[in-house]
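For the sequence shown, the working numbering gives the first residue as 483, with consecutive numbering after it. Think of the CB as a built atom: it goes at the ideal place given N, C-alpha and C, for glycine as much as any other residue. Fair warning: this is a prediction, and the values are worked out from it, not measured in the lab.
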Amino acid sequence: MKDIISIILFDGVCTLCNASIDFILKRDHKNRFLVGALQEPVSKKVLSNFQVDDSYLDSLVLVENGKVYFRSTAALRIAKKLNRPWPLFYFLIAIPAFLRDPVYNWIGKNRYRWFGKKSTCRIPTSEEKQKFLSEENLPF
483 MKDIISIILF DGVCTLCNAS IDFILKRDHK NRFLVGALQE PVSKKVLSNF QVDDSYLDSL
543 VLVENGKVYF RSTAALRIAK KLNRPWPLFY FLIAIPAFLR DPVYNWIGKN RYRWFGKKST
603 CRIPTSEEKQ KFLSEENLPF
């Protein structure tokens, strides 16, 4: 799994967030991502390395090359590394985040109401286990 260069942290009880992770995992053919629920201890450990409050649940979080990205910037940087056609959307990065993020925030604010919420965090299948963040595969 040496090709993994980025960590995606997501709200593990959010139905929309879990669907997004399913989408990403199906299109990450080069194994560039590890994923983890923000509620999990190992994810909180990752966040603490970057001075991010460990109770943070407001956005998708991307940790890449020692930097942390949130909201639409994280989503676009993830899309850039997926199989075609998703990297084509990276051109939207040219739009300043202060214009992109209000849409992201609006969806995030309503995600539980529109898509639902699970009572517990997602448990990876045996096939997904190697793609989920753990103490054993923590890259730092």
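DSSP state of residue i, grouped into three classes?
| i | result |
| --- | --- |
| K591 | helix |
| I575 | helix |
| K549 | strand |
| L620 | coil |
| S488 | strand |
| T607 | coil |
| D583 | helix |
Excluding the 5 residues preceding and the 5 following residue i in the sequence, name in chain order all residues of the same chain whose CB lies nearer than 6 Å to its CB.
| i | result |
| --- | --- |
| C496 | R593 |
| K599 | V495 |
| Y586 | R553, S554 |
| R582 | S554 |
Along the beta strand (DSSP E) that carries residue i, what are the first and last residues, could you check?
| i | result |
| --- | --- |
| L542 | It is not in any beta strand (DSSP E) - L542 carries neither H nor E in the DSSP assignment. |
| V517 | 515-519 |
| K563 | Premise fails: K563 is in no beta strand (DSSP E) and is neither H nor E. |
| K613 | Here K613 belongs to no beta strand (DSSP E), and DSSP marks it neither H nor E. |
Name the two residues that bound the continuous alpha helix (DSSP H) containing residue i.
| i | result |
| --- | --- |
| K599 | Counting along the chain, K599 falls outside any alpha helix (DSSP H), and DSSP gives it neither H nor E. |
| F505 | 497-509 |
| S525 | 523-530 |
Evaluate residue i with the Cβ neighbour count: other Cβ atoms within 10 Å of its Cβ, from every protein chain shown; 16 or more gives buried, anything less gives exposed.
| i | result |
| --- | --- |
| L615 | buried |
| T555 | buried |
| N500 | buried |
| I577 | exposed |
| D493 | buried |
| R604 | buried |
In terms of alpha-carbon separation, which member of the options lies closest to residue i?
| i | options | result |
| --- | --- | --- |
| L542 | K512, E609, K591 | K591 |
| I490 | A557, C603, R582 | A557 |
| S488 | V534, I605, A561, R595 | A561 |
| R566 | D493, F492, I506, N531 | I506 |
| V534 | L498, F571, V550 | V550 |
Does any residue of chain B have a CB that is nearer than 9 Å to the CB of residue i?
| i | result |
| --- | --- |
| F622 | Included in the structure is just one protein chain, with no chain B present. |
Once you ignore the five residues that flank residue i on each side, which residues in its own chain have a CB closer than 8 Å to its CB?
| i | result |
| --- | --- |
| V524 | G518, L615, S616, E617, L620 |
| K563 | S488, D510, K512, R514, F515, P569 |
| K484 | Interpretation of K484 is limited by its pLDDT of 47, a score under 50 that renders its predicted location unreliable; the figure taken from the coordinates is listed afterwards. Once the five neighbours on either side are set aside, K484 has no close Cβ partner at all. |
| A579 | R553, S554, T555 |
Closer than 7 Å by C-beta to residue i: which residues in its own chain qualify, once you throw out the five before and the five after it? Chain order, please.
| i | result |
| --- | --- |
| L539 | D493, L520 |
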